[in-house]
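Residue numbers (my numbering): 947 to 1180.
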């Protein structure tokens, strides 16, 4: 589900995870294999997740990120070391349910305080964001605010459209928002962010319809031949 990227040599070991769990009580280390297995099982709100790539074992390969938010332009991702967070076996097939994602996101907030952490990546969206940006985007959602579109999904700007990335993980569909002429601007990006929030809340689109987004206006949405969503201003 997620990648935690650390500065070279800064990956934590199982002891560091145990100390963090004891310090803030946001999660528990529910299983720790004997020896240096390089992974632990973390428990949060009754759900378990595996964190792998721990020191002193080899770290996981750094992710190939399609987008970066809040990170230094000169960050050498290839030189960093990565941990991977995955849902436990009992969550197989349920990892994209919103309650499960919210627990995973809250666990990532707790892990964001680990020393040496330089970026958090949400694998379904193929993105990397700074730990501070991730916290600022995700915490309001967990408190009842809008979906953190650029932390748990992503946007790509084309010649005359904005397309989503990673929305499929939540709804089974991506969308393409057409500008109806000209390159996409900030207003199109804002509309796309609001649309992600609406689609995550409403689920898969099966029929054409007009929706109205606050501050954006009316949009016409329909499925295309691939089953994804085509969006135009109504």
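Glycine is no exception: its CB is placed at the ideal position from the N, C-alpha and C atoms. These numbers come from a predicted model, not from an experiment.
Helix, strand or coil at residue 1078 [DSSP, three-state]: helix
Range of the contiguous alpha helix (DSSP H) that encloses residue 983: Here residue 983 belongs to no alpha helix (DSSP H), and DSSP marks it neither H nor E.
DSSP bridge partner residues for residue 1174 (one or two, in chain order): Answer by DSSP bridge pairing: none, since residue 1174 is not bridged.
C-alpha distance - residue 957 paired with residue 1031, whole-angstrom precision: 14 Å
Helix, strand or coil at residue 1132 [DSSP, three-state]: helix
Per-residue burial, residue 1043 [other beta carbons within 10 Å of its own, 16 or more giving buried]: exposed
Bounding residues of the beta strand (DSSP E) (the contiguous stretch that carries residue 1017): Here residue 1017 belongs to no beta strand (DSSP E), and DSSP marks it neither H nor E.
Boundaries of the beta strand (DSSP E) in which residue 995 is found, first to last residue: 993-998
Identity of the residue in 1082, 975, 977 and 1003 nearest residue 983 by Cα: Comparing Cα positions, the closest option is 1003.
Residue 968 versus residue 1056: straight-line alpha-carbon distance, rounded: 12 Å
Cβ shell of residue 1121 (< 6 Å), same chain only, five flanking positions each side left out: 1110, 1175 and 1177
CB of residue 1182 within 9 Å of CB of residue 986, strictly: The structure shown does not extend to residue 1182, since the chain spans only 947 to 1180, so no value can be given for it.
6 Å Cβ shell around residue 1106 - same chain, five flanking residues per side excluded: 1125
Backbone CA spacing between residue 1140 and residue 1093 [nearest angstrom]: 9 Å
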